[in-house]
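21 is the number of the first residue of the sequence shown in my numbering; add one for each residue after it.
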Amino acid sequence: MLYKMNKEIDPSDVVDAVHAAHDAGLKVKLSFIVGFPGESWKSIEQTADLMRKAKPDEISLFPFVPFPGTPVFQKPERFGIIWMSRDWSAYRALDRYRRPWFCYETEDLDLNTLYRMYDFLDKVRKEVIGCVSGPSTN
């Protein structure tokens, strides 16, 4: 998934960096994007594994948003997008209740699947950082 997003980072390096920062007495926050076109349950499981192995102090989750000016927005068909909202108010990561806001679908990622993936990772996030409650994303 990181390759598809043009992120030049190896998950094992993330784990090593978090552990090194903890060894130095630093707190670490990791941020993850959920639902980039091409996301699969396999990549979601890999993200969950990364969260569990890295054990950061904080984790932020954000739904992928194809903002204007990005390659995904400019050429959605290249990324398999079959529907993308043209309602500009929908182009935000979280609504006022801090629930994810997905504004596109692909052949493999309908809105229901995107929300289920987000909910799964949010549950893992809470397990990793020791949070037992928080806003529902259903």
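Beta carbons: idealized from backbone N, C-alpha and C, even for Gly. Treat the numbers as computed from the prediction; the structure is a model and nothing was measured.
Cβ neighbour criterion (16 or more within 10 Å) applied to residue i
{"i": "isoleucine 102", "result": "exposed"}
{"i": "tyrosine 138", "result": "buried"}
8 Å Cβ shell around residue i - same chain, five flanking residues per side excluded
{"i": "phenylalanine 140", "result": "Ile64 and Ala68"}
{"i": "lysine 27", "result": "none"}
{"i": "proline 96", "result": "Pro86, Met104 and Tyr124"}
{"i": "glycine 100", "result": "Pro57, Gly58, Thr126, Glu127 and Asp128"}
Own chain residues within Cβ distance below 7 Å of residue i, not counting five before or after
{"i": "glycine 89", "result": "none"}
{"i": "leucine 22", "result": "Ile29"}
Segment limits, alpha helix (DSSP H) that includes residue i
{"i": "serine 60", "result": "Serine 60 -> no alpha helix (DSSP H), and no H or E assigned at all."}
{"i": "alanine 44", "result": "Taken as a continuous stretch (DSSP letters only), alanine 44 belongs to no alpha helix (DSSP H), as it is neither H nor E."}
Opening and closing residue of the beta strand (DSSP E) in which residue i lies
{"i": "valine 54", "result": "49-54"}
C-alpha distance - residue i paired with residue j, whole-angstrom precision
{"i": "tryptophan 128", "j": "aspartate 107", "result": "The amino acid at residue 128 is misidentified as tryptophan; the sequence shows aspartate. Taking the straight line joining both Cα atoms gives about 22 Å."}
{"i": "tyrosine 117", "j": "isoleucine 29", "result": "32 Å"}
{"i": "proline 83", "j": "glutamine 94", "result": "19 Å"}
{"i": "valine 38", "j": "lysine 75", "result": "8 Å"}
{"i": "proline 86", "j": "threonine 126", "result": "12 Å"}
{"i": "leucine 134", "j": "alanine 40", "result": "33 Å"}
{"i": "aspartate 43", "j": "aspartate 36", "result": "10 Å"}
{"i": "leucine 46", "j": "lysine 73", "result": "17 Å"}
{"i": "arginine 98", "j": "valine 54", "result": "19 Å"}
{"i": "methionine 71", "j": "lysine 146", "result": "10 Å"}
{"i": "tyrosine 136", "j": "serine 60", "result": "For clarity, residue 136 is arginine in the given sequence; the question names tyrosine instead. Those two C-alpha atoms are separated by around 11 Å."}
{"i": "valine 92", "j": "serine 32", "result": "27 Å"}
Cut-off 6 Å between Cβ atoms - residues of its own chain near residue i, not counting five sequence neighbours on either side
{"i": "arginine 112", "result": "Trp121"}
{"i": "serine 80", "result": "Ser51"}
Any non-hydrogen atom of the ligand SAH closer than 7 Å to residue i Cβ
{"i": "leucine 46", "result": "With respect to the ligand SAH, the structure offers nothing, as it holds no ligand at all."}
Checklist entry - Enumerated in chain order, which unbroken segments of the beta strand (DSSP E) with a length of 3 residues or greater are wholly contained in the segment 73-154? => result 78-83, 101-104 and 124-126
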